[in-house]
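*Asks:* Quick note: the sequence shown, position 75, residue 75 per my numbering, numbers continuous.
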Amino acid sequence: MMDPVLSVSYATIAAFFEASEGNHRNAVYVSCSCGYRRESGCGDFLFIPGHDCRPILLPLSDAESFLGRAVDRTECACTMSSRCFIRLYSRWLELATGSARDCPIQQILHLMNRPPDHKGTMP
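(1) Find the nearest neighbour of residue 12 within the set 30, 44 and 66, judged by alpha-carbon distance.
(2) Around the Cβ of residue 10, are there at least 16 other Cβ atoms within 10 angstroms (buried) or fewer (exposed)?
(3) Would a C-beta distance cut-off of 7 Å place residue 25 and residue 75 closer than the cut-off?
(4) Which of helix, strand or coil does DSSP assign to residue 79?
(5) Within 10 angstroms of the Cβ of residue 119, are there 16 or more other Cβ atoms? Answer buried if so, exposed if not.
(6) For a quick check, are the C-beta atoms of residue 19 and residue 56 less than 7 Å apart?
(7) Taking residue 65 as part of the alpha helix (DSSP H), name the residues at either end of that continuous run.
Here it is in C-alpha cells:
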C-alpha cells in the first residue's frame, strides 16, 4: 500500500527501518550526483543494505515526510555520492535493472515499490 504523500510503499519503509534498527542515522546518506535525466522524485536518498545485502533505498523527501523533520546528512553513518553507490552495486544493478540508459536508482525504486502481485524477483 502506498501513502498518497509518499512515493514508496509501507513495505519499503518497514524494510528500511528494520534494516536500520529503527534509526535512520544508521543508514548511508547518498547525495544524488548522477548524470542521468532528472525525474520527478529524483534527489538525495538514504540507503542501507537489507538482510540479503540488497539495497534498500528511501528517498530523502519520503524520509523527511515520514519522520516529520529534516534529515541532517552529518547525523547519518556516512555520506556517499550516487555515483559511488552505482559503482558499489554495479553488477547487481546490471542484473536487476532493465535499461542502461535510465537512472538505475529510479529503476530500483520502481521495482521495490510495485504492488506485490506484479513484483518480479530481483537478483
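Where a beta carbon is used, it is the ideal one built from N, C-alpha and C, also for glycine.
*Replies:* According to the structure shown:
(1) When each option's Cα is compared against that of residue 12, the closest is 66.
(2) Classification of residue 10: exposed, given that the 10 Å Cβ count is below 16.
(3) Yes, they are a contact pair.
(4) If DSSP states are grouped into helix, strand and coil, residue 79 belongs with the strands.
(5) Model confidence at residue 119 stands at a pLDDT of 49, short of 50, so the residue's coordinates are unreliable; what they give is reported in the following sentence. A residue is called buried once 16 or more other Cβ atoms fall within 10 Å of its Cβ, and residue 119, having fewer, is exposed.
(6) Yes, Cβ-Cβ distance for residue 19 and residue 56 is below 7 Å.
(7) Taken as a continuous stretch (DSSP letters only), the alpha helix (DSSP H) holding residue 65 covers 60-67.
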